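Chemist: What follows is a structure written as structure tokens; I'll ask about it next.
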Amino acid sequence: MYKYATTSNYCSADNLRVGNKQQYASILYFDLSSIPVGASVSQAQLQVYAKGWGGSNMTLDVFRILRNMTPCQATW
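And the structure:
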């Protein structure tokens with residue numbers, strides 16, 4: 007999602023865009039329906055590789071979306 011194109015959606019883009027003075031945000035969707043109800047997940051790992059990175063340290067915040075939504079309909 008792009009702060010200055012508030013009604014646009016980029017769900018079919020090849021790359022996730024984040025940062026740049028908080029102008030970009032991305033949504034990742036994981037289908038967890040195969041995990042049985044009541045199961046305990048003790049560990050999960052996600053690796054993300056940067057392209058076009060400026061070389062300085064970058065910290066990203068991650069938030070869980072608590073309501074039903076469709077990533078391809080999400081906008082800023």
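Residue numbering for the sequence shown follows this note's numbering, beginning at 7 and increasing consecutively.
Cβ coordinates follow ideal geometry from the N, Cα and C atoms, glycine included.
All values derive from a computational prediction rather than experimental measurement.
So is Met64 buried or exposed if we call it buried at 16+ other beta carbons inside 10 Å?
Modeler: The residue in question, Met64, is exposed, as its Cβ has fewer than 16 Cβ neighbours within 10 Å.
Chemist: Among residues of its own chain, excluding the 5 on either side of Ile33, which ones have a beta-carbon nearer than 6 Å to its beta-carbon?
Modeler: Pro77 and Ala80, listed in sequence order.
Chemist: Per DSSP, which one or two residues make a beta bridge with Gly25?
Modeler: Beta-bridge pairing links Gly25 to Tyr30.
Chemist: Mind checking who Tyr8 pairs with in its DSSP beta bridge?
Modeler: Per DSSP, Tyr30.
Chemist: According to DSSP, is Cys17 helix, strand or coil?
Modeler: Coil at Cys17, not helix or strand.
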